[in-house]
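**Q** Before anything else, here's the structure in question.
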Amino acid sequence: CWGLNNKGQLGDNSTTDSEVPVQVSGLTGVVSIDGAGTSTCAVKADGSVWCWGENNKGQLGDGSTADSLVPVQVKDASGTGVLADGFEVGCGKQRACASLGDGTLWCWGLNDKGQLGDGSKDDSSLPVQVTGTSGPPATLGSAASPSRGYGDGDTHACVGQFDGTVLCWGHNNNGQLGNGDTNDQLAPVQFF
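Following the working numbering, the numbering of the sequence shown begins with 6 at its first residue and continues without gaps.
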């Protein structure tokens, strides 16, 4: 990683900015990585999910709100195990989401506009399952296909399903969810 590092978002055990790439401490075998603002998350080939940087809203998913200068493993929803079988990861403003091999989508961090998609506005420092996203894994990050992808705005998100439908949730003040109104949605609604 490289760039601004004021919260440890480069993961190199420092807060020193870098104009050239630096190795993320202890992280190898990465198959998916994404960052937003002051935190970064990655999925390794073994399916483990890791995050580092700022954690004021629980966006590292480790059950705490303590920043970390090095990667920490994302815990499961109970907080006693770890999130496993990660497929891809995507980050938004002070939150992150990971799709798992079973097709479920899990998010953690800031949720003031319903952007975690779990039907609430409660922030969560542990992963919560996005409702209505069961089935084959959806592709997170920059999608090669419009029918399979994950998009993250500051306070909303959308995921494409393999059947071609698109589900969106979160802040909708400008109609960004594409469902025909401007009401915030705490759980996924179908994009028209």
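No residue lacks a Cβ here, since even glycine has one placed at the ideal position from N, Cα and C.
State whether the segment 17-32 contacts the segment 79-94, with contact taken as three or more CB pairs (one from each stretch) at a distance under 8 Å.
**A** Output reads no: the segment 79-94 does not touch the segment 17-32.
**Q** Which residues in the same chain have their Cβ closer than 8 Å to the Cβ of I38, if we skip the five residues on either side of it in sequence?
**A** As a working mapping, residue 38 is identified with position 33 in the sequence shown. Excluding residues within five positions, the ones whose Cβ falls inside 8 Å are T45, C46, A47, V48, V94.
**Q** Applying the 10 Å Cβ sphere with the 16-neighbour rule, what's the burial state of E59?
**A** As a position in the sequence shown, residue 59 is number 54, starting the count at 1. That one is buried.
**Q** Using a 10 Å radius around the Cβ and a threshold of 16 neighbouring Cβ atoms, would you call L107 buried or exposed?
**A** Within the sequence shown, residue 107 is the residue found at index 102, counting from 1. Residue identity check: residue 107 is Asp in the sequence provided, not Leu. Exposed.
**Q** Which ranges would you report for the beta strand (DSSP E) in the segment 28-103 if only whole runs of at least 3 residues count?
**A** 35-41, 44-49, 54-58, 73-78, 91-97, all fully within the segment 28-103.
**Q** From which residue to which residue does the beta strand (DSSP E) around G119 run?
**A** Working through the sequence shown from its first residue, we reach residue 119 at position 114. Looking at the DSSP string, G119 is not in any beta strand (DSSP E), and its letter there is neither H nor E.
**Q** Going straight from the alpha carbon of V35 to that of N11, what length do you get?
**A** Numbered from its first residue, the sequence shown carries residue 35 at position 30. Numbered from its first residue, the sequence shown carries residue 11 at position 6. So the alpha carbons of these two residues sit roughly 23 Å apart.
**Q** Assuming contact is defined by CB atoms lying nearer than 8 Å, are G42 and D22 in contact in what I supplied?
**A** Translated into positions along the sequence shown, residue 42 becomes position 37. Translated into positions along the sequence shown, residue 22 becomes position 17. It is not a contact, given that the beta carbons lie outside the stated cut-off.
**Q** Using the Cα positions of N179 and C56, report the straight-line distance between them to the nearest angstrom.
**A** If you number the sequence shown from 1, residue 179 lands on position 174. If you number the sequence shown from 1, residue 56 lands on position 51. Between N179 and C56, the C-alpha separation is close to 31 Å.
**Q** Under a three-way DSSP split, which group does W7 fall into?
**A** Along the sequence shown, read from residue 1 onward, the residue named residue 7 stands at position 2. Note: W7 maps to coil in three-state DSSP.
**Q** Round the Cβ separation of L110 and C102 to the nearest angstrom and send it over; I've been treating them as touching at under 8 Å.
**A** The residue given as residue 110 occupies position 105 in the sequence shown. The residue given as residue 102 occupies position 97 in the sequence shown. At roughly 6 Å, the Cβ-Cβ gap stays under 8 Å, so L110 and C102 are in contact.
**Q** Count the other C-beta atoms from every protein chain shown that fall within 10 angstroms of the C-beta of N177, then say buried if there are 16 or more, exposed otherwise.
**A** Here residue 177 refers to the residue found at position 172 of the sequence shown. N177 comes out buried.
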